[in-house]
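Inspection log for the structure reproduced underneath, given as structure tokens.
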DNA sequence: TTGCTTGTTGGACGTTCGTACAACAAGTGC
DNA sequence: GCACTTGTTGTACGAACGTCCAACAAGCAA
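Next comes the structure, spelled out in structure tokens:
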């Protein structure tokens, strides 16, 4: 006979999707706090409040968890950009500027996100399926930018190179901003990007 | 009585600087081949052909070895750029273009270098002395670019932002080029950078 | 040749890692 | 209530990790 009156349940059984999501979020937090080196299965399980064995039950390895964490954060970034585009109204030029401005504001320009990015990048060269995931997400990001540029009236032949250039500029500014926040401010990064945007979109006309 | 006639010496004693350099180069090779996760003290010692204990004799930890490896590779990159500037002659504009063109040619645009960069970046946020090293090397890189821009006649007030923008653009293109080499070619990256360079340097006049 | 300095070795140590798995219990259908 | 499914636990295991250090030997000075 077992008494279960005054004691809490030993664990709660979660929906598989919800549990996966909580593990992904715990992974992002540990990566942000401890860096790549300190992000072990045990640390992530502790952060998520579950036992170490459960991580292996949902993900074949820590690489897969990092890959899903990257996809999760990329989705958050994408949602933040969508919100910024929405708020910018319908003027194509304003939408394009909102795109780059949002890239240097919270929650995107956060040094904590960088750790997840770096962990993912470190897997790209050695794991082919992760390289494929990176290619897809990069292509998706660039395609949206090409759409914005087209709405601004940029001729189709120029779209590809302009999108590559602006993506690289934003990525480079974002990277430096996260790595050494005192080199320049988010506001300055945005101003630089918008200025470059003006130079790039006018020079080709 | 020991016979040393037909057997090779058990080890050769190297100059401290030479031994440090060989460890640094072995570290770069292991990082390029195995990635951050596979770069242990043992693996690096094996690559350098020395015993594991020797790594600890020269470096207090693997972080310090990675930091010195980063500095070593940055010096190689800097030398490659200097050579490109030298070869470009004395015309300021040609020198500026040689600067960005060299950034996408071997030995700089190599996916193998990326692993060292990523390993270093992963330490920036958690180790303050490594953050300082990054700041210094970034500032140095940008200062040289500002010098080139000044020689091209750019007014002083614009130098800072233009240098930040071009550095970010080159870094972003270089990063994507290393991460997914099939997205665009080194030649296209160079063309994009030179085109952006023209747009940025003419718009401010 | 002899003695000294010190770069170098190689194994021992305690820790932490990822993984596997038997036992347990929460929730569900009957 | 009862049996069944399966999400979850906790631990055990071997491998690999960083670090340490006593012993060894290469090269130099005398």
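Protein chains in written order, with my numbering: chain Y, 1018 to 1222; chain D, 1018 to 1222.
Beta carbons are placed, not taken as given, at the ideal position from N, Cα and C, and that holds for glycine.
Counting C-beta neighbours from all protein chains within 10 Å, is the total for residue i 16 or more, i.e. buried, or is it exposed?
i, result
"residue 1074(D)", "exposed"
"residue 1189(D)", "buried"
"residue 1150(D)", "buried"
"residue 1145(D)", "exposed"
"residue 1091(Y)", "buried"
"residue 1207(Y)", "buried"
"residue 1086(D)", "buried"
"residue 1126(D)", "buried"
"residue 1023(Y)", "Reliability of the predicted coordinates at residue 1023(Y) is poor, the pLDDT of 42 falling under 50, and the value obtained from them is presented with this limitation in mind. With fewer than 16 other Cβ atoms within 10 Å, it is exposed."
"residue 1055(Y)", "exposed"
"residue 1076(Y)", "buried"
"residue 1029(D)", "exposed"
"residue 1204(Y)", "exposed"
"residue 1032(Y)", "exposed"
"residue 1173(Y)", "exposed"
"residue 1062(Y)", "buried"
"residue 1210(Y)", "buried"
"residue 1160(D)", "exposed"
"residue 1004(D)", "Nothing can be reported for residue 1004(D): it is not among the residues displayed for chain D, which extend from 1018 to 1222."
"residue 1156(D)", "exposed"
"residue 1027(D)", "exposed"
"residue 1018(Y)", "Residue placement at residue 1018(Y) cannot be trusted, given a pLDDT of 40 that sits under 50; the coordinates are not used to answer."
"residue 1021(D)", "Low confidence applies to residue 1021(D): its pLDDT is 40, below 50, so where it sits in the model is not reliable enough to give any reading."
Taking Cβ to Cβ, would you say residue i is nearer than 8 Å to residue j?
i, j, result
"residue 1048(D)", "residue 1180(D)", "no"
"residue 1197(D)", "residue 1148(Y)", "yes"
"residue 1124(D)", "residue 1104(D)", "no"
"residue 1113(Y)", "residue 1186(Y)", "no"
"residue 1225(D)", "residue 1060(Y)", "Examination of residue 1225(D) is not possible in this model, given that chain D is present from 1018 through 1222 alone."
"residue 1182(Y)", "residue 1182(D)", "no"
"residue 1139(D)", "residue 1053(Y)", "yes"
"residue 1064(D)", "residue 1088(D)", "no"
"residue 1163(Y)", "residue 1109(Y)", "no"
"residue 1040(Y)", "residue 1083(Y)", "no"
"residue 1216(D)", "residue 1217(Y)", "yes"
"residue 1142(D)", "residue 1128(Y)", "yes"
Please compile the residues from chain Y whose C-beta is within a distance smaller than 7 Å of the C-beta of residue i.
i, result
"residue 1141(D)", "1196"
"residue 1217(D)", "1213 and 1216"
"residue 1061(D)", "Chain Y residues near residue 1061(D): none, gap ~15 Å exceeds 7 Å."
Just the chain Y side, please: which residues come within less than 9 Å of residue i by C-beta, in chain order?
i, result
"residue 1036(D)", "What residue 1036(D) touches in chain Y: nothing, since even the nearest Cβ is about 26 Å away."
For residue i, go through chain D and note every residue whose CB falls closer than 7 Å to its CB, in chain order.
i, result
"residue 1053(Y)", "1053 and 1139"
"residue 1151(Y)", "1196 and 1197"
"residue 1181(Y)", "1201 and 1209"
Name the chain D residues whose beta carbon is nearer than 8 Å to that of residue i?
i, result
"residue 1184(Y)", "1189 and 1193"
"residue 1178(Y)", "1205, 1208, 1209 and 1212"
Mind listing the chain D neighbours of residue i? Cutoff is C-beta to C-beta under 9 Å, in chain order.
i, result
"residue 1155(Y)", "1193, 1196, 1197 and 1200"
"residue 1148(Y)", "1196 and 1197"
Taking any Cβ of chain Y, which residues in the region 1115–1139 of chain D have a Cβ under 8 Å from it, in chain order? 1128, 1131, 1132, 1135, 1136, 1138 and 1139
Could you list the residues in the region 1200–1214 of chain Y with a C-beta less than 9 Å from some C-beta on chain D, going in chain order? 1200, 1201, 1205, 1206, 1208, 1209, 1210, 1212 and 1213
Would you check if the region 1030–1037 of chain Y and the region 1117–1137 of chain Y touch, i.e. whether three or more CB-CB distances between them fall below 8 Å? no
Using Cβ-Cβ distances below 7 Å, what residues of the region 1083–1101 of chain Y are close to chain D? none
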